[in-house]
Amino acid sequence: MNVLHVLFKVDGTEYAIPAADVVQMESFTGATPVPGAPAHVAGLVQVRGRVIPVVDARARFGLPAGTPSLDSRVVVGQLGERTVGLLVDSAREVLKLDPRTIQPPPPMVVEGAKGFVKAVTQVGPRLVMLIDFPRVVGEEAADVDGQR
Amino acid sequence: MTGKGEFAEFLPAYLAEVDELLAASQKELLAVEEAVRKGQAQPRAVRELFRALHTLKGLSAMVDVEPVVSLAHWMEASLRLADQAGGRLPESSVEPLVEGLRAIELRVRQLGAGKAASPAPAGLLERLEALGPQMRDAAPRRARRVVLDADAAFASRLAASEREQLEGGLAGGQRALRLDFVPSSERAAKGLNINTVRERVAKLADIVKVLPLSGAAAGGASLAFALLLNTRAEDADLLDAVGGPPATVRSLEAPAPAEAPSGDAASLPGPAVLDEELEEPEVRRGGGLLRVEVSRLDEAMEWLAALVVNRSRLTRAVAALTQAGAPTRELTAILQENGRQLRDLRSAILRLRMVRVGDVLERLPLLVRGLRRATGKAVRLELDVGDAELDKAVADRLLPALVHLVRNAVDHALESPEERQAAAKPPEGLVRLSCHARANGQLELTLRDDGRGVDAQAVAKAANSAVPDSADALLDLLCRPGLSTRQEATRTSGRGMGMDIVRRIVVEQLGGELRMDTRKGVGTTFTVCVPLTVTLMDAIIFECAGRRYAVSVATVEELIDVTGVVRPAGADGVGLVERRGAAVPLVSLARLLDAGGPGSASEAGQGAKALIVRQRGEPVAFAVDRLVGQQEIVLRPLEDPLVRVPGVAGATDLGDGQPTLVLDLGALGAARSGRRKRAPRVGEWVT
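Laid out in structure tokens, this is it:
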């Protein structure tokens, strides 16, 4: 059974998360920074009347900061009770992925990616990383200071 | 697993209802205990307690919470017997009942936290089960009971008080009888109707109740009257008074309790009255009250907030049209009307969220009761809360803080009865909680005890610090995380920790204020001020480092123009401004907000305006760039752990679609300065 996934790009690399975990996509017009929040938290945005935190994927992945553009998107994900956004460079595609093509990532990637990438799959010639959304977003503030 | 899904669906409603029943049970159990202590019967409280547990059991069975069902069952069974014993309980039965209630409450909390209810403790179940025989023994030896064997409809029409009256007659040596009068046209002709019968019988007996009975009656009539009496008169005289047969006299006295089967406590043939009466509260509940889940109120608030935001967009659009020369007079009028309607709707929704403070504090008497037992101290709790109301969200957060304060008062502040007598105080200590709403949208609660007072020297020693010279400084020490003046952990307060939690709830979470006043040997008073609602507040909007922020008007003491700043050397950038003869520290808010960031904001301390806010009791001026204005805002608390930081009370929408942070300046300053102070201390450790 193929599972619908949302594909997005961060720093040229393609990532995917199951569409079932995504509430919606928003274009990014800036976030309100929160003093004292972890460094990878871009700030707060308002989505349909709710105020949610947005995690900057570039900052989280340890990549150089990007410049928000018209392509920038906030992927709004649902994590149990929590609703958290992930700021990515672009997100344009929704694809059905065949579970049989999904492979565990090579060990070197596992070490380097702090567990953010949980699998790799191939879409035609393209390699797509399946991310562990809860882990990327972080369980709680104390956990995600990059100190583990 | 469909069962589980259904369960989840019913759980919120179950929890809401059970909460209410538990609160009622606790109240009634306290009343029962009070009566037991005085050696009195308390039939009403026993019955209400029975009712609440009966309903609780039924609800729990519906959602299949077996541990609660069995706990409630055995409590209910013993109370049924207590009711049959005229509302009398042996003193030894109170403790198991209290424990049973606590065990139920614990399991309900587990369910509320999304966990499974742990099994009922076997030992406790056995003790509850064993209560049955004790209850029977508690009945006064000569207790005689009224039994209503006539028919169920009849029994259900008898009020509890009337029943007690009949039984009281029995206890007083009278007989309890049912005398049936059968009217007929013949008798009416002789002047015998229910009114004259009433008068005639009243001369011979106390009439407790007269019930008309329809349906076939003795002698072929279709209507009869049953008179329930207490009397010393002979049957013959009574029969004569109602015109003789087909009238009948029947005794209402139940067989002696000794004849009751001694087996299963719950299977005692009880009077039908109790079960019949269970129908009553369902009807009573209809009295114009509706229980609503808070999440639904939150949802209404959400939609309202969306409307408010949309209205400001509309206002802007109309202004643009007006500027472009379009005829907008009517639009503007509609917009104004719309604004009024929104304000009305807003206050209506806010009123829906208010709960009575008295209801919130219902739990405290039981807490004090437990503490009395655990500490062996004599304590009287006085509640003087009037009918003040508080937003549900505030109330829920505040309660744990109050529980801490009450616990500390009993456990630490109050002396033992012997110590008190030695100090010429009454042996019973007093804890008094009073509250009233203040005009500025705040609720002030004071908790006063007449105990030994806080020993500043002991606190200083425990905190390894100099003896504080003011009440504020002493409170500061008390609120240090982990501080304990006790060597031994006690059952009630752990190691005496908790004041830091109280302060965190009151100051950081609720944006309120905590003060203390203590006198050695005389007692301590804590004053807690919290906003009545954290959902809607008057806010001051200002700009700082290019962004807009809001701060609750209630927390701001003064707005000043910043002039003549003095910058003492070594003060880490903190300046001083003069305010009515006192030097007030001036902190750059831009710098605070950018704490830890590259020194971009280091020059921004030259804000033109400043807001004076109390930080740990001391005034501090926070420099900002520009004041924008004052307006009512809808506060959205930040629940996500990623953005739950001290000093940020929440976010609001000022109409531009961007969240604006609502700051709690006092907490922000305290959190940041704490961080700054802590850092060098760690360094000292290392070197």
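Sequences listed follow chains A and F, in order. Start counting at 1 in the first sequence, then tack on 1169, and there's your number in our numbering. If you count the second sequence from 1, position 258 lands on 250 in our numbering, and the numbers rise without skipping. Built from N, CA and C at the ideal position, the CB exists for glycine as well.
Within 7 Å (strictly less), CB to CB, does F/ALA385 reach chain A?
-> Along the second sequence, one-based indexing puts residue 385 of chain F at 393. Interface annotation, F/ALA385: not in contact with chain A, CB-CB separation never under 7 Å.
Starting from the C-beta of F/LEU713, find all residues in its chain whose C-beta is less than 6 Å away, skip the five residues before and the five after it, and write them out in chain order.
-> Not covered by the structure: residue 713 of chain F. The range shown for chain F is -7 to 679.
State the DSSP-derived secondary structure class of F/VAL55, mapped to helix, strand or coil.
-> The residue you call residue 55 of chain F lines up with position 63 of the second sequence. Assigned with DSSP and collapsed to three states, F/VAL55 falls in coil, not helix or strand.
For F/GLN76, three-class secondary structure by DSSP = Your numbering for residue 76 of chain F matches position 84 in the second sequence. F/GLN76: helix per DSSP, three-state reduction.
Beta-carbon of A/ARG1251 versus every beta-carbon of chain F: anything under 7 Å?
-> Here residue 1251 of chain A corresponds to residue number 82 of the first sequence, with the count starting at 1. So, interface residue.
For A/PRO1268, which residues in chain F fall below 8 Å Cβ to Cβ?
-> Locating residue 1268 of chain A in the first sequence gives position 99, where the first residue counts as 1. What A/PRO1268 touches in chain F: nothing, since even the nearest Cβ is about 24 Å away.
Determine the closest residue to A/SER1241 out of A/ASP1180, A/ARG1219, A/GLN1291 and A/ALA1188, with distance taken between C-alpha atoms.
-> Stepping through the first sequence from its first residue, residue 1241 of chain A is reached at position 72. With distances taken between Cα atoms, A/SER1241 lies closest to A/ASP1180.
Counting only runs that start and end within the segment 385 to 415 of chain F, where is the alpha helix (DSSP H) found for 4 or more residues in a row?
-> Here the runs fully enclosed are 409 to 414.
A/ARG1251: first and last residue of the uninterrupted beta strand (DSSP E) it sits in | Sequence index remark: in the first sequence, residue 1251 of chain A carries index 82 (1-based). Where A/ARG1251 is concerned, the enclosing beta strand (DSSP E) starts and stops at 1251 to 1257.
Roughly how far, in whole angstroms, is the beta-carbon of A/ASP1190 from the beta-carbon of A/GLN1272, given that I think they are within contact range, below 8 Å?
-> In the first sequence, the residue the question calls residue 1190 of chain A occupies position 21. In the first sequence, the residue the question calls residue 1272 of chain A occupies position 103. About 20 Å separates the two Cβ atoms, so there is no contact after all.
Taking only beta-carbon positions, decide if A/GLN1193 is within less than 7 Å of chain F.
-> By one-based count along the first sequence, residue 1193 of chain A stands at place 24. No, no contact with chain F.
Measure from the C-beta of F/PRO473 to each C-beta in chain A and report whether the shortest distance is under 7 Å.
-> Reading the second sequence from its first residue, position 481 is the one you call residue 473 of chain F. Under the 7 Å criterion on CB atoms, F/PRO473 is classed as non-interfacial with respect to chain A.
At a CB-CB cut-off below 7 Å, which residues of chain A make contact with F/VAL635?
-> Against the second sequence, residue 635 of chain F aligns to sequence position 643. Close partners of F/VAL635 in chain A (Cβ separation under 7 Å): VAL1203, ALA1206, VAL1210, LEU1213 and PRO1222.
If you scan the segment 416 to 482 of chain F from start to end, which runs of the alpha helix (DSSP H) of 4 or more residues do you find wholly inside it?
-> With a minimum length of 4 residues, the continuous alpha helix (DSSP H) runs that stay inside the segment 416 to 482 of chain F are 448 to 455 and 463 to 470.
Can you find a CB in chain A that lies within less than 7 Å of the CB of F/PRO460?
-> Residue mapping note: residue 460 of chain F aligns to position 468 of the second sequence, counting from 1. Taking Cβ atoms only, chain A never reaches closer than 7 Å to F/PRO460, which makes this a no.
Check F/VAL310 in the structure and name its three-state DSSP category.
-> Counting from 1 along the second sequence, the entry for residue 310 of chain F is found at position 318. DSSP places F/VAL310 within a helical segment (H, G or I) once states are collapsed to three.
Check the Cβ of A/GLY1307 against every Cβ in chain F and list those closer than 9 Å, keeping chain order.
-> The sequence position of residue 1307 of chain A within the first sequence is 138, counting from 1. Residues of chain F passing the Cβ test: PRO633 and LEU634.
Whole runs of the alpha helix (DSSP H) within the segment 60 to 111 of chain F, excluding any shorter than 4 residues = Counting whole runs of 4 or more residues, the segment 60 to 111 of chain F contains the alpha helix (DSSP H) stretches 86 to 104.
Own chain residues within Cβ distance below 6 Å of F/ALA218, not counting five before or after | In the second sequence, the residue the question calls residue 218 of chain F occupies position 226. Contacts found: ARG170, ASP172, LEU203 and LEU205.
Tell me the DSSP bridge mates of F/MET683?
-> Not covered by the structure: residue 683 of chain F. The range shown for chain F is -7 to 679.
Using 7 Å as the limit for Cβ to Cβ distance, is F/PRO651 near chain A?
-> For the purposes of this step, residue 651 of chain F is taken as the residue at position 659 of the second sequence. Closer than 7 Å to some Cβ of chain A, the Cβ of F/PRO651 qualifies, so yes.
Please decide whether F/ARG303 counts as near chain A, where near means a Cβ-Cβ distance under 7 Å.
-> Position 311 of the second sequence holds residue 303 of chain F. Chain A, which has no Cβ nearer than 7 Å to the Cβ of F/ARG303, makes this no.
CA-to-CA distance, A/LYS1283 to A/VAL1321, given in whole angstroms = Beyond the ends of chain A as shown, which are 1170 and 1317, falls residue 1321 of chain A; an answer cannot be given.
Does the segment 513 to 521 of chain F come close enough to the segment 535 to 543 of chain F that 3 or more CB-CB pairs lie under 8 Å?
-> No: the two stretches stay apart, fewer than three of their Cβ pairs being nearer than 8 Å.
Check F/GLU226 in the structure and name its three-state DSSP category.
-> The sequence position of residue 226 of chain F within the second sequence is 234, counting from 1. DSSP, read as helix, strand or coil, puts F/GLU226 in coil.
Per DSSP, which residues does F/PRO651 bridge with? Please list them.
-> In the second sequence, counting from the first residue as 1, residue 651 of chain F sits at position 659. The beta-bridge partner set that DSSP reports for F/PRO651 consists of F/ASP645.
What is the rounded straight-line gap between the Cα of F/ALA325 and the Cα of F/LEU528?
-> What you label residue 325 of chain F is simply residue 333 of the second sequence in a count that begins at 1. What you label residue 528 of chain F is simply residue 536 of the second sequence in a count that begins at 1. If you take the alpha carbons of F/ALA325 and F/LEU528, they lie about 26 Å apart.
Interfacial residues, the segment 385 to 404 of chain F to chain A, with Cβ spacing under 9 Å | Within the segment 385 to 404 of chain F, no residue qualifies.
7 Å CB neighbourhood of F/ALA458 in its chain, flanking five on each side removed | Numbered from 1 along the second sequence, position 466 holds the residue referred to as residue 458 of chain F. Cβ within range, chain order: ALA452.
Would you check if the segment 550 to 569 of chain F and the segment 492 to 502 of chain F touch, i.e. whether three or more CB-CB distances between them fall below 8 Å?
-> With a cut-off of 8 Å, the segment 550 to 569 of chain F and the segment 492 to 502 of chain F do not count as touching, because too few Cβ pairs lie within range.
Who are the neighbours of F/ARG628 on chain A, taking C-beta pairs under 7 Å?
-> As a position in the second sequence, residue 628 of chain F is number 636, starting the count at 1. Listed along chain A, the residues sitting closer than 7 Å to F/ARG628 by beta-carbon distance are VAL1220.
Near F/GLY445, what residues of its chain come up, given a Cβ to Cβ distance below 8 Å and the 5 sequence neighbours on each side ignored?
-> In the second sequence, the residue the question calls residue 445 of chain F occupies position 453. For F/GLY445, same chain residues with a beta-carbon under 8 Å away, outside a window of 5 residues either side, are ALA405, THR510, ARG511, LYS512, GLY513, VAL514, GLY515 and THR516 in chain order.
Per-residue burial, A/MET1298 [other beta carbons within 10 Å of its own, 16 or more giving buried] = Taking the first sequence and counting its residues from 1, the one referred to as residue 1298 of chain A is at position 129. Buried.
F/LEU306 versus chain A: which residues are under 7 Å apart at the beta carbon?
-> Position 314 of the second sequence, counted from the start, is the residue given in the question as residue 306 of chain F. Within chain A, no residue comes near F/LEU306; the closest Cβ sits about 16 Å away, beyond 7 Å.
Going along the chain, which residues of its own chain have a beta-carbon closer than 6 Å to the beta-carbon of F/ARG507, five neighbours each way excluded?
-> The residue labelled residue 507 of chain F in the question sits at position 515 within the second sequence. Excluding the 5 residues flanking it on each side, F/ARG507 has same chain C-beta neighbours closer than 6 Å at THR519, in chain order.
Given F/GLY642, which residues of its chain have a CB within under 7 Å of its CB, disregarding the five upstream and five downstream residues?
-> Position 650 of the second sequence, counted from the start, is the residue given in the question as residue 642 of chain F. Closer than 7 Å at the Cβ level, and outside the excluded window around F/GLY642, lie LEU627, ARG628, PRO629, LEU630 and VAL654.
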